[in-house]
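See structure below.
Numbering (the UniProt record's numbering), first residue to last: 1 to 91.
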């Protein structure tokens, strides 16, 4: 079995995320190999609340430049986790 922090990398704290928190939706950066079922188990263990639904978004790698040097950013995956009504939201 995988560990919680292998699946969930970090919470994403953005303006859009703050607006979604009011609707009881948490946003996390997750491992690119993680499935919705694994994300659900990890979030329920971490936040101690029931998960109503999960939406995931894959963000592909991009080319980045710094002067004459060219590199790429890593591919990422975000998960929008909707908690059940009445569940305590983390702060």
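The beta carbon of each residue, even a glycine, is placed where N, CA and C say it ideally should be.
Using the three-state DSSP reduction, which class does residue 40 fall into: helix, strand or coil?
Judged by DSSP in its simplified three-state form, residue 40 adopts helix.
Which residue's Cα is closest to the Cα of residue 51: 84, 29 and 42?
In terms of Cα proximity to residue 51, the closest of 84, 29 and 42 is 84.
Quick check on the DSSP output: the alpha helix (DSSP H) that includes residue 17 runs from which residue to which?
15-22 is the span of the alpha helix (DSSP H), which, as asked, contains residue 17.
If you draw a straight line from the alpha carbon of residue 45 to that of residue 19, how long is it in whole angstroms?
Roughly 24 Å separates the two Cα atoms.
Assigned exposure category for residue 26 - 16 Cβ within 10 Å defines buried
Under a 10 Å Cβ-count criterion, residue 26 is classified as buried, with 16 or more other Cβ atoms of the shown protein chains found around its own Cβ.
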